[in-house]
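Chemist: If you scroll down you'll find the structure; I have some questions about it.
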Amino acid sequence: MGIIGAGMSGLCMAATLRRAGYHDFTLYEKADEVGGTWRENTYPGLSCDVPARFYSYSFAPNPDWTANFAPGSEIQAYFTGFADSSGLREHIRFGTEVTEARWNGERWQVSLSDGDTDMVDVLVSAAGVLHRPKLPAIAGLASFAGSAFHSARWDHSVELADQRVGVIGTGSTGAQIVSALAGVAGRLTLFQRTAQWVFPMPIVSYSRLGRALMRRFRPLNRASYRFYQQLLEQSFGRAVVERGWRRRLLATLCRLNLRLGVRDKELRRKLTPPDQPMCKRLIISGRFYRAVTRHGVDVVTDAIDHIEPEGVVTADGVRHELDVLVLATGFDAHAYLRPINLIGEDGVKLEQVWADGPRAYRTVALPGFPNFFMLMGPHSPIGNHSLVAIAETQADYIVRWIDQIARGDIRQVAPTERATDEFNAAMREAMPDTVWTTGCQSWYLGKDGLPELWPWSPARHREMLAGDHTDEFVAR
Ligand code: NAP
4 MGIIGAGMSG LCMAATLRRA GYHDFTLYEK ADEVGGTWRE NTYPGLSCDV
54 PARFYSYSFA PNPDWTANFA PGSEIQAYFT GFADSSGLRE HIRFGTEVTE
104 ARWNGERWQV SLSDGDTDMV DVLVSAAGVL HRPKLPAIAG LASFAGSAFH
154 SARWDHSVEL ADQRVGVIGT GSTGAQIVSA LAGVAGRLTL FQRTAQWVFP
204 MPIVSYSRLG RALMRRFRPL NRASYRFYQQ LLEQSFGRAV VERGWRRRLL
254 ATLCRLNLRL GVRDKELRRK LTPPDQPMCK RLIISGRFYR AVTRHGVDVV
304 TDAIDHIEPE GVVTADGVRH ELDVLVLATG FDAHAYLRPI NLIGEDGVKL
354 EQVWADGPRA YRTVALPGFP NFFMLMGPHS PIGNHSLVAI AETQADYIVR
404 WIDQIARGDI RQVAPTERAT DEFNAAMREA MPDTVWTTGC QSWYLGKDGL
454 PELWPWSPAR HREMLAGDHT DEFVAR
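Okay, structure coming up:
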């Protein structure tokens, strides 16, 4: 078996295989360390806005989280520590990128960047969603004389203290960076194209006693995991996909947060989004409004016209002189497996199948691509939910098919076109109820303008991946 990627979901798949008694599998990891997004993102202020106790594998709780929302470095340490303690490292081929995977009628022929070719019976993609940085198409960007880098390629050699720092982008990343750099940079300028709603959430440190109790009483960890799971599923998880009081309540809390957090009317006007809370991915932060109201922090809402060696020039003709320019402009969220060249039955390329946008069977499989499965595939319930929990559900489902192959009941299996079409049609039908279709631009939307997210609750995702659905697959 082959797994592409040793990030959070690749490790989850590997651990699930191990727990099911499998030892013959390899993870292909392009980098030289595990962790995926948590390895690549190291920007100041990086943390996970999903509570750490729930952003952990349910089978590997971590009693040592230092706060309700753990910093990025701690999460990365959790994954590297897990790779060590679980013994999974011996299965990982580091520095090995999968360049092509071709179904030869019996098995997957996997071509690797080091020139090797592997043959595997089952191929699982755990290649991640948000890892291809999107650079803005702004005239003159390359001419900037100071240091400029994307948030996911942070240059730690660049001094920030007392420097004039500009940040382009106000997504979750931009908000975290601005919150961390306010008061550190000499002058901080946030270039905001569209204001975003912010849900208030304080960061609370866990005491040593609390951590000791978690270590001593394992059921406490489990209870805490379930508590946060229920909290998120019943609040954000439902508010985004159901019209009703939950959506109204969370929206009101966001509006109140802005009203109380930003007293200056002019700044508040600038920071008032044109769309409904949660239409774009909600920013969870108890620090952002405090940061932008600080002395030495400017929010610029005039459109960026071009960039010059000295700084950013906005449409009103003002030149904002800068020493450092941070591009918190997001990722190509629709690239999924690309640039891997995936070739299924009859030489059909994934590129052709996904010409109009990525689509899958129940987020995990593809017709015409036998014995190929995905974690975090198209329409996985991401939003403000824990991707770790979603990966576990998908890994459990995939292992059940692997069991059938391993027992010799079947040799190859892929979902039918019909079942995949029906699933996608049902999803399209459910989209109008979601908050993502209420009129905003975001990376959630695909080429056809429809959200590429899961339009139902996370619980429904579990239910939909609970059975085997043998009637919706072609198995030989
Ligand atoms: P993002 O949400 O896609 O935000 C990109 C920002 O850049 C937006 O404000 C966008 O403005 C702006 N932008 C893009 N091109 C621009 C241009 N040419 N000129 C001016 N502004 C431009 O990206 P992100 O903040 O990196 O977040 C991506 C996702 O990563 C999140 O939604 C989340 O899923 C994940 N994330 C999670 C956490 C966490 O704590 N769990 C933290 C960080 C990121 P417009 O809104 O006008 O397009």
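The sequence shown begins at 4 in our numbering and counts up by one.
Note that beta-carbon positions come from the ideal geometry of N, C-alpha and C, so glycine has one too.
1. Ligand 1 and I307: does the residue's C-beta get closer than 8 angstroms to at least one heavy atom of that ligand?
2. Which residues in the same chain have their Cβ closer than 6 angstroms to the Cβ of A183, if we skip the five residues on either side of it in sequence?
3. With 9 angstroms as the threshold, decide whether the Cβ of E245 is near any Cβ in chain D.
4. Taking 9 angstroms as the cut-off, decide whether the C-beta atoms of Q232 and S460 are in contact.
5. Secondary structure at L388, three-state DSSP: helix, strand or coil?
6. Alpha carbon to alpha carbon, how far is V327 from N260? Give it in angstroms, no decimals.
7. Measure the C-alpha to C-alpha separation of R421 and L234 and round it to an integer number of angstroms.
8. In angstroms with no decimal places, state the Cα-to-Cα distance between V303 and K268.
9. Measuring alpha carbon to alpha carbon, tell me which residue in R229, P454, Y339, R110 is nearest F61.
10. Check for me: the alpha helix (DSSP H) holding V356 runs from which residue to which?
11. Here's the rule: buried if 16 or more other CB atoms are within 10 angstroms of the residue's CB, otherwise exposed. What is R387?
12. Tell me the DSSP bridge mates of H309?
13. With the cut-off set at 9 angstroms, would you say G347 and W106 are in Cβ contact?
14. So, for E32: in the same chain, excluding its five sequence neighbours on each side, which residues have a beta-carbon less than 6 angstroms away from its beta-carbon?
15. Sorted by chain position, which residues of the same chain lie with C-beta nearer than 8 angstroms to D305's C-beta, five sequence neighbours on each side aside?
16. Run the CB neighbour count on V207, radius 10 Å, all protein chains shown included, and call it buried at 16 or more, exposed below.
17. Please look up how many angstroms separate the CB atoms of I180 and V329, rounded, as I've assumed it's under 8 angstroms.
18. Compute the Euclidean distance between the alpha carbons of M467 and T396, then round it to the nearest angstrom.
19. Determine the contact status of I6 and T29, defining contact as a CB-CB distance below 9 angstroms.
20. Along the chain, which unbroken stretches of the alpha helix (DSSP H) at least 4 residues long are found entirely within the segment 181-246?
21. Roughly how many angstroms lie between the CA atoms of T332 and S154, to the nearest whole one?
22. With a floor of 3 residues, list each beta strand (DSSP E) that falls wholly inside the segment 412-470, ordered by position along the chain.
23. Are three or more beta carbon pairs between the segment 195-203 and the segment 334-354 nearer than 8 angstroms?
24. Can you tell me whether DSSP reads S59 as helix, strand or coil?
25. I need the straight-line Cα distance from T192 to V315, nearest angstrom please.
26. Under the assumption that G523 contacts T99 (Cβ atoms under 8 angstroms), give the Cβ distance between them as a whole number of angstroms.
27. How is R42 classed by DSSP in three states: helix, strand or coil?
28. Just to check my reading of the structure: F334 and P139 have Cβ atoms closer than 8 angstroms, yes? What is that Cβ distance to the nearest angstrom?
29. Would you please state the rounded distance, in angstroms, between the beta carbons of S175 and R284? I believe it to be under 8 angstroms.
30. Could you tell me the boundaries of the alpha helix (DSSP H) in which V295 lies?
31. Helix or strand or just coil, what does DSSP make of V125?
32. With T19 and V402 assumed to form a contact (beta carbons below 8 angstroms), what rounded beta-carbon distance in angstroms separates them?
33. Following the continuous alpha helix (DSSP H) through N260, name the residue where it begins and the one where it ends.
34. Would you kindly check if the distance between the Cβ of A34 and the Cβ of R42 is under 9 angstroms?
Modeler: So, from the listed chains and residues:
1. As a first step, residue 307 is located in the sequence shown; it is residue number 304 there, counting from the start. It does: the Cβ of I307 is within 8 angstroms (strictly closer) of some heavy atom of ligand 1.
2. Start at 1 with the first residue of the sequence shown, and residue 183 comes out as number 180. Answer for A183: P47, G48, listed in chain order.
3. Absent here is chain D; the protein component of the structure consists of one chain.
4. One-based indexing of the sequence shown puts residue 232 at position 229. One-based indexing of the sequence shown puts residue 460 at position 457. Going by C-beta atoms, Q232 is not nearer than 9 angstroms to S460.
5. Position 385 of the sequence shown, counted from the start, is the residue given in the question as residue 388. Here the sequence assigns His to residue 388, which means Leu is not the residue at that position. Residue state, collapsed to three classes: coil.
6. Taking the first residue of the sequence shown as 1, we reach residue 260 at position 257. Taking the first residue of the sequence shown as 1, we reach residue 327 at position 324. Cα-Cα distance, rounded: 30 angstroms.
7. Counted from its first residue, the sequence shown places residue 421 at position 418. Counted from its first residue, the sequence shown places residue 234 at position 231. In a straight line, the C-alpha of R421 is about 36 angstroms away from that of L234.
8. Here residue 303 refers to the residue found at position 300 of the sequence shown. Here residue 268 refers to the residue found at position 265 of the sequence shown. Taking the straight line joining both Cα atoms gives about 15 angstroms.
9. Your numbering for residue 61 matches position 58 in the sequence shown. Looking at the sequence itself, residue 61 is Ser, so the reference to Phe does not match. Comparing Cα-Cα distances from S61 to each of R229, P454, Y339, R110, the minimum goes to R229.
10. Position 353 of the sequence shown, counting from 1, holds the residue named residue 356. Per DSSP, V356 is one residue of the alpha helix (DSSP H) stretching across 353-356.
11. For the purposes of this step, residue 387 is taken as the residue at position 384 of the sequence shown. Checking the displayed sequence, the identity of residue 387 turns out to be Asn instead of Arg. Buried is the call here.
12. If you number the sequence shown from 1, residue 309 lands on position 306. Paired residue(s): V316.
13. Within the sequence shown, the letter at position 344 stands for residue 347. Within the sequence shown, the letter at position 103 stands for residue 106. The answer is yes: Cβ separation under 9 angstroms.
14. For this step, residue 32 is matched to residue 29 along the sequence shown. Same-chain partners within the cutoff: A9, I95, F97.
15. Your numbering for residue 305 matches position 302 in the sequence shown. Result list for D305: T317, A318, D319, V321, in chain order.
16. Here residue 207 refers to the residue found at position 204 when the sequence shown is read from its first residue. V207 is exposed by the Cβ-count criterion.
17. On the sequence shown, position 177 is the one that residue 180 refers to. On the sequence shown, position 326 is the one that residue 329 refers to. At roughly 6 angstroms, the Cβ-Cβ gap stays under 8 angstroms, so I180 and V329 are in contact.
18. For the purposes of this step, residue 467 is taken as residue 464 along the sequence shown, with counting starting at 1. For the purposes of this step, residue 396 is taken as residue 393 along the sequence shown, with counting starting at 1. Distance between the alpha carbons of M467 and T396: 10 angstroms.
19. Within the sequence shown, numbered from 1, the residue matching residue 6 stands at position 3. Within the sequence shown, numbered from 1, the residue matching residue 29 stands at position 26. Cβ atoms of I6 and T29: closer than 9 angstroms.
20. 211-219, 221-237, 239-242
21. Counting from one through the sequence shown, the residue named residue 332 turns up at place 329. Counting from one through the sequence shown, the residue named residue 154 turns up at place 151. Computed Cα separation, rounded: 8 angstroms.
22. Taking only runs of at least 3 residues, the beta strand (DSSP E) segments lying wholly in the segment 412-470 are 416-418.
23. no
24. Locating residue 59 in the sequence shown gives position 56, counting from the first residue. It is coil, neither helix nor strand.
25. For the purposes of this step, residue 192 is taken as residue 189 along the sequence shown, with counting starting at 1. For the purposes of this step, residue 315 is taken as residue 312 along the sequence shown, with counting starting at 1. Each residue's Cα considered, the two are about 10 angstroms apart.
26. Because the chain here runs from 4 to 479, residue 523 falls outside it and cannot be looked at.
27. Position 39 of the sequence shown, counted from the start, is the residue given in the question as residue 42. Helix at R42.
28. Working through the sequence shown from its first residue, we reach residue 334 at position 331. Working through the sequence shown from its first residue, we reach residue 139 at position 136. With 8 angstroms as the limit, F334 and P139 do not qualify as a contact, their Cβ atoms being about 12 angstroms apart.
29. Looking up residue 175 in the sequence shown gives position 172. Looking up residue 284 in the sequence shown gives position 281. Correct: roughly 6 angstroms between the Cβ atoms.
30. What you label residue 295 is simply residue 292 of the sequence shown in a count that begins at 1. Unbroken alpha helix (DSSP H) run through V295: 291-295.
31. To locate residue 125, count along the sequence shown from 1; it is residue 122. It is coil, neither helix nor strand.
32. Locating residue 19 in the sequence shown gives position 16, counting from the first residue. Locating residue 402 in the sequence shown gives position 399, counting from the first residue. Indeed they touch by this definition, with Cβ atoms about 5 angstroms apart.
33. Position 257 of the sequence shown, counted from the first residue, corresponds to residue 260. Segment 248-264, the alpha helix (DSSP H) holding N260.
34. Taking the first residue of the sequence shown as 1, we reach residue 42 at position 39. Taking the first residue of the sequence shown as 1, we reach residue 34 at position 31. Contact: yes.
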